[in-house]
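Numbering (the numbering used here), first residue to last: 523 to 701.
Encoded as structure tokens, the structure appears first; notes follow it.
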Amino acid sequence: MMMDDVEKVLFTKERLDAKVAELGQRISLDYADKEIFAVGILKGAFVFAADLVRNINRPLQMDFMIASSYGNGAKSSGTVKIMKDLDFDIAGKHVLLIEDIIDSGLTMKYLIKNLQTRHPASVKLCALLSKPSRRQADVTIDYCGWEVPDEFLVGYGLDYAEKYRNLPSIGILKREIYS
Ligand code: IMP
Ligand code: MG
Numbered sequence: 523m524m525m526d527d528v529e530k531v532l533f534t535k536e537r538l539d540a541k542v543a544e545l546g547q548r549i550s551l552d553y554a555d556k557e558i559f560a561v562g563i564l565k566g567a568f569v570f571a572a573d574l575v576r577n578i579n580r581p582l583q584m585d586f587m588i589a590s591s592y593g594n595g596a597k598s599s600g601t602v603k604i605m606k607d608l609d610f611d612i613a614g615k616h617v618l619l620i621e622d623i624i625d626s627g628l629t630m631k632y633l634i635k636n637l638q639t640r641h642p643a644s645v646k647l648c649a650l651l652s653k654p655s656r657r658q659a660d661v662t663i664d665y666c667g668w669e670v671p672d673e674f675l676v677g678y679g680l681d682y683a684e685k686y687r688n689l690p691s692i693g694i695l696k697r698e699i700y701s
């Protein structure tokens with residue numbers, strides 16, 4: 523069973539639903555007079571993005587990017603590669619980046635810098651989770667779900683070696699699984 527590999531559940535499905543609803547409400551208010559160009563960062567954010575956009579009560583376009591920095595392991599390699607770019611031009615658009623977790627911040631720092639060169643009207647970031655103790659690059663999280671300790675988390679889109687993304691809750695992966 524997948525749950526046997528989880529040390530402790532941090533966020534149940536109920537808490538996730540409540541947090542996503544709250545974030546969606548804040549975003550809907552802040553963008554009251556604007557259209558949103560939402561960008562989900564695959565693969566990790568696919569579950570969060572799908573839930574979040576359904577809680578945003580504004581006209582919205584959806585796009586996705588794939589950025590790779592982690593390979594298959596639990597540590598950042600430090601280099602960021604865009605494996606899949608946006609399908610649309612974002613010039614003049616209000617871009618809302620949707621990410622599962624900001625860890626070192628290196629991936630997001632690179633992506634935001636890259637997107638800024640395309641002349642969007644604005645770029646904001648919504649991240650479900652943040653590990654501030656791990657930060658190596660300065661990243662402003664405009665909408666943050668929770669700050670979490672330096673543990674390896676899985677579920678609700680978060681993976682270890684491509685597994686556990688389908689867990690409905692978020693938990694701490696047992697150390698013996700990845701060490
Ligand atoms: P960063 O560049 O170090 O901020 O890397 C962020 C990316 O690493 C996230 O989009 C996740 O895909 C992945 N990541 C960071 N921490 C975790 C974790 O605890 N579990 C699963 N994936 C993680
Ligand atoms: Mg990711």
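Ideal Cβ placement from N, Cα and C applies to all residues, glycine included.
Below 8 Å, enough C-beta pairs join the stretch 550-570 and the stretch 618-632 to call them touching: three or more. The shortest C-alpha to C-alpha distance from Val575 to any of Asp555, Ala554, Ile549 and Ala589 is the one to Ile549. When secondary structure is reduced to three states using DSSP, Ala540 falls in the helix class. By DSSP's assignment, His616 forms a beta bridge with Ser644. Within the same chain, Cβ atoms closer than 6 Å to the Cβ of Cys666 are found at Ala649 and Ser652, the five residues on either side in sequence being excluded.
When beta bridges are read from the DSSP output, Tyr665 appears opposite Cys648. Between the stretch 599-615 and the stretch 635-647, the count of C-beta pairs closer than 8 Å reaches three or more; the two stretches touch. When rounded, the separation of the alpha-carbon atoms in Phe533 and Leu551 is 25 Å. With respect to the 8 Å criterion, Leu628 and Gln658 are classified as neighbours on the basis of their beta carbons. Taking 7 Å as the cut-off, the C-beta of Val676 counts as close to a heavy atom of ligand 1. Distance between Ala543 and Asp625, taken at the CA atoms: about 23 Å. Cβ-Cβ separation between Asp672 and Arg656: approximately 6 Å, consistent with a contact (criterion under 8 Å).
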